[in-house]
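Structure first, commentary second.
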Amino acid sequence: MFVTSNTDNLKCPITFELFRDPVSGQDGHTYERDAITTWLQKNGVSPQTREPMTIDSLRPNHVVKQLVDEFKSSSLQKHFLFKFGIDLRKAAERPIFQAQGKTIYRAEWISKPGPDVVLLKIEGAKANREAAYYVQLGSHPHI
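Residue numbers (this note's numbering): 14 to 156.
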């Protein structure tokens, strides 16, 4: 199956997050099940087309689910690493948290918008090992 590097098609248009349980509505669009269910309970219309839509019309979108799963798997294998000063930068010089050996800064993407991000500066004898752990943890589906 094709794995896309552009995640926009793998994100819910309501939550703007990667799909976990994608469903297709009668409007032809795909949504995160919980988000569209809540939307329809309040509004009763498609958030995309504004045409009437019901919860009963929602169907699992197995193709999108498979694409998301493949993207996540590919991401785990690549251990996406971003370069400071090229991909992201500090949003402020003052850290939002600091403890012995660790400092956390608010950060922002340079080239294109992305999810909220922080920079974690790790110092000490086991810094590389700890950093590798955070890379794996950052790909966890429940974080």
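Ideal placement from N, C-alpha and C gives every residue a C-beta, glycine not left out.
Span separating the alpha-carbon of residue i from that of residue j
i	j	result
L132	K85	22 angstroms
M14	Q39	Residue confidence is low: M14 scores 40 on pLDDT, short of 50, so the model does not pin down where it sits. No coordinate-derived value is stated.
K139	I117	17 angstroms
G127	T20	10 angstroms
F29	S37	16 angstroms
N141	K103	21 angstroms
A144	G137	11 angstroms
F95	P65	43 angstroms
Y147	I109	18 angstroms
I123	A105	14 angstroms
K55	A48	11 angstroms
T51	G114	43 angstroms
E83	L31	12 angstroms
L150	Q79	21 angstroms
P35	D69	15 angstroms
L101	K125	9 angstroms
V81	N22	9 angstroms
R107	R119	9 angstroms
Which residues DSSP lists as bridging residue i, in chain order
i	result
I135	K115
P108	In DSSP, P108 forms no bridge with anything.
A120	K103 and V130
Reduced DSSP secondary structure (H/G/I, E/B, other) of residue i
i	result
V16	In this prediction, V16 scores a pLDDT of 43, lower than 50, which makes its location untrustworthy; the coordinate-derived value is nonetheless stated afterwards. Coil, per DSSP.
L23	helix
E181	In the structure displayed, the chain extends from 14 to 156; residue 181 sits before or after that span and is not available.
Y146	helix
Heavy atom of the ligand NAD within 7 angstroms of residue i beta-carbon
i	result
E121	Ligands in the displayed structure: none, and consequently the ligand NAD is not present.
Discussion item. Closer than 8 angstroms is the cut-off here; do at least three beta carbon pairs connect the region 43-51 with the region 64-75?
Written reply: yes
Practice prompt. Scan the region 38-106 and note each continuous beta strand (DSSP E) run of 3 residues or more that stays entirely inside, going in chain order.
Written response: 43-45 and 101-103
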